[in-house]
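First the structure, in the form of structure tokens, and then the observations on it.
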Ligand SMILES: [Zn+2]
Ligand SMILES: [Zn+2]
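Residue numbers (this note's numbering): 3 to 326.
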């Protein structure tokens, strides 16, 4: 499924089979998660995609060919995440922050991704995945899970955690946070009772609309929805010393707000991309929780419908394309 230009529908296309270069694997895609970032690319809010582009950066598949110098063997199941390549050499890579690499390339943005039957990926950025777990369930871990996990880590270890926007990422973070013994408060669009019910079923002790105040102040809040107005709203729900983490790659403008909301050592920060260590940690932790993803599946040819439903807020949990 090919994106020719921002603002257009994806188009079914027959492309030549990609050949893995040295250091790369070719993956036969089993499933690929649909991420809000894909919407930002389609809608032109992320302005520099490779074009035409195969979207998709939550790929679960099986290695079917490998270039020279690759340790992964044919038949192994791997996950391909958003971080597709880094230079290993800039000041950020050399200080353990490859997520901030100056020359990073991203899957499904700078590199063709997983809305396809075949994808090639740099083997060094692939994760080994268990064979005995459904691909549909694993796919959302690869971005919703990884970015969510990084956001949770950067939120600190406060006990009372608020999640603004209860979709693919939040429903995974909720399970990890409960496993860590935190208390959970979920905020959704007003009237989204299905997502609020999902939040309660995953251990949220309170779920309500994003303009409501939680029953007690929060130690940390993660904003997953791409809505800048949620930042002052979340700050207003924080206790002293609390932090608001913005987890998305794109957000509408944050409205001005009184300094009083930030006073008493409250903080606002963003989270960008992932490191391979984030991935290794989450994928080791997920079976211990155990994380169970709530998935709505679509055939590859219905990728446009999946994106439409995500845009309108109709997806409960995570949307995933089932490819083979
Ligand atoms: Zn770098
Ligand atoms: Zn993503």
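The beta carbon of each residue, even a glycine, is placed where N, CA and C say it ideally should be.
Cβ-Cβ distance between residue i and residue j below 8 Å
i: residue 224; j: residue 175; result: yes
i: residue 343; j: residue 142; result: With the chain represented from 3 up to 326, any question about residue 343 goes unanswered, as that position is not in the structure.
i: residue 27; j: residue 122; result: yes
i: residue 323; j: residue 148; result: no
i: residue 37; j: residue 128; result: no
i: residue 11; j: residue 4; result: no
i: residue 78; j: residue 130; result: yes
i: residue 218; j: residue 162; result: yes
i: residue 313; j: residue 41; result: yes
i: residue 249; j: residue 153; result: yes
i: residue 234; j: residue 257; result: yes
i: residue 230; j: residue 212; result: no
i: residue 64; j: residue 115; result: no
Nearest candidate by alpha-carbon position, reference residue i, set the options
i: residue 19; options: 30, 158, 12 and 10; result: 30
i: residue 102; options: 286, 183 and 275; result: 275
i: residue 309; options: 117, 190 and 207; result: 117
i: residue 205; options: 324, 188, 85 and 215; result: 188
i: residue 291; options: 190, 178, 254 and 202; result: 178
i: residue 105; options: 306, 14 and 93; result: 93
i: residue 24; options: 52, 67 and 38; result: 67
i: residue 169; options: 160, 326 and 191; result: 191
i: residue 159; options: 173, 183, 304 and 137; result: 183
i: residue 164; options: 200, 240 and 120; result: 240
i: residue 201; options: 33, 111, 134 and 319; result: 319
Residue i, buried or exposed, once every other Cβ within 10 Å from all chains shown has been counted against 16
i: residue 71; result: exposed
i: residue 1; result: Residue 1 cannot be examined here, being either before or after the span of the chain that is shown, 3 to 326.
i: residue 198; result: buried
i: residue 60; result: buried
i: residue 252; result: exposed
i: residue 228; result: buried
i: residue 150; result: buried
i: residue 76; result: exposed
Unbroken stretches of the alpha helix (DSSP H), 4 residues or longer, contained in the stretch 100-148:
For the stretch 100-148, whole alpha helix (DSSP H) runs of length 4 or above, ordered along the chain, are 137-140.
Runs of beta strand (DSSP E) wholly within the stretch 9-78 (minimum 3 residues, chain order):
As far as the stretch 9-78 is concerned, its whole beta strand (DSSP E) runs of at least 3 residues are 26-36 and 61-68.
Ordered list of beta strand (DSSP E) runs contained in the stretch 184-223, each at least 3 residues
As for any beta strand (DSSP E) of minimum length 3 sitting wholly inside the stretch 184-223, the runs are 185-190 and 208-211, ordered along the chain.
Threshold first: 3 residues or longer. Then list the beta strand (DSSP E) segments lying entirely within the stretch 262-313, N to C.
Listed in chain order, the complete beta strand (DSSP E) runs (minimum 3 residues) inside the stretch 262-313 are 269-272 and 297-301.
Please enumerate, following chain order, all residues with a beta carbon closer than 7 Å to at least one heavy atom belonging to ligand 1.
In chain order, the hits are 88, 89, 90, 91, 92, 94, 95, 100, 103, 104, 105 and 106.
Pocket of ligand 2 defined by Cβ to heavy atom distance under 6 Å:
Qualifying residues come out as 37, 39, 59, 84 and 145.
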